[in-house]
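*Asks:* Each position in the sequence shown, counted from 1, maps to that position plus 22 in this note's numbering.
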Amino acid sequence: YTVDGHCRPTFQQMVFLQDDMVDFPDIGKSVKLPCSEANSLRAQLQDLACQVHLGVRFQTARGTRMIRFHLAHHKLQYTVDGLWRPSILQMTFQEDGLLNIPELNKSVNMAPKEAESLRILLQELAALA
Numbered sequence: 023y024t025v026d027g028h029c030r031p032t033f034q035q036m037v038f039l040q041d042d043m044v045d046f047p048d049i050g051k052s053v054k055l056p057c058s059e060a061n062s063l064r065a066q067l068q069d070l071a072c073q074v075h076l077g078v079r080f081q082t083a084r085g086t087r088m089i090r091f092h093l094a095h096h097k098l099q100y101t102v103d104g105l106w107r108p109s110i111l112q113m114t115f116q117e118d119g120l121l122n123i124p125e126l127n128k129s130v131n132m133a134p135k136e137a138e139s140l141r142i143l144l145q146e147l148a149a150l151a
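(1) With DSSP as the reference, identify every bridge partner of residue 61, one or two as the case may be.
(2) Flag this pair as yes or no: are the beta carbons of residue 36 and residue 94 separated by less than 8 Å?
(3) Report the rounded CA-to-CA distance for residue 80 versus residue 109, giving the unit in angstroms.
(4) Do residue 60 and residue 42 come within 8 Å of each other at the CB atom, strictly closer than that value?
(5) So, with DSSP's three-state summary, where would you put residue 70?
(6) How many Å lie between residue 30 and residue 24 at the Cα?
(7) Would you call residue 89 buried or exposed, if buried means 16 or more other Cβ atoms sit within 10 Å of its Cβ?
(8) Would you check if the distance between the CB atom of residue 101 and the CB atom of residue 107 is smaller than 8 Å?
(9) Between the alpha carbons of residue 73 and residue 26, how many angstroms are there, rounded?
(10) Which residues in the same chain have their Cβ closer than 7 Å to the Cβ of residue 125, if we skip the five residues on either side of it in sequence?
(11) Count the other C-beta atoms from every protein chain shown that fall within 10 angstroms of the C-beta of residue 149, then say buried if there are 16 or more, exposed otherwise.
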């Protein structure tokens, strides 16, 4: 990334905080997202992470929500349509395409045709954390 045209250090992990702050632990920096644009900016940052294989994104089975996961300082973090969620340590997969996040008591239905490939991608991402 750049600031005023000057190259800054690279990073691989970011942690979204509940107060619209984004912490970049790799480089010891933080930034505050504008409240009115926080969801959109979180989604854009996660899309960038996906482009460099440090994130995974997919639509729910019904196609109504976009789920994005990224590396978040030795954990994973996800958003639903850019909405903040806490970092997680664990997720489980069921044969029917259900992704469970037990520590948050949440689950996501993955499209059956994509469930196996998404499981592999998410497990590979978790191994990087």
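Quick reminder that beta carbons are idealized off the backbone N, C-alpha and C, glycines included.
*Replies:* Once the coordinates are examined:
(1) None; residue 61 has no bridge partner.
(2) yes
(3) 18 Å
(4) yes
(5) helix
(6) 5 Å
(7) buried
(8) yes
(9) 24 Å
(10) 110, 111 and 112
(11) exposed
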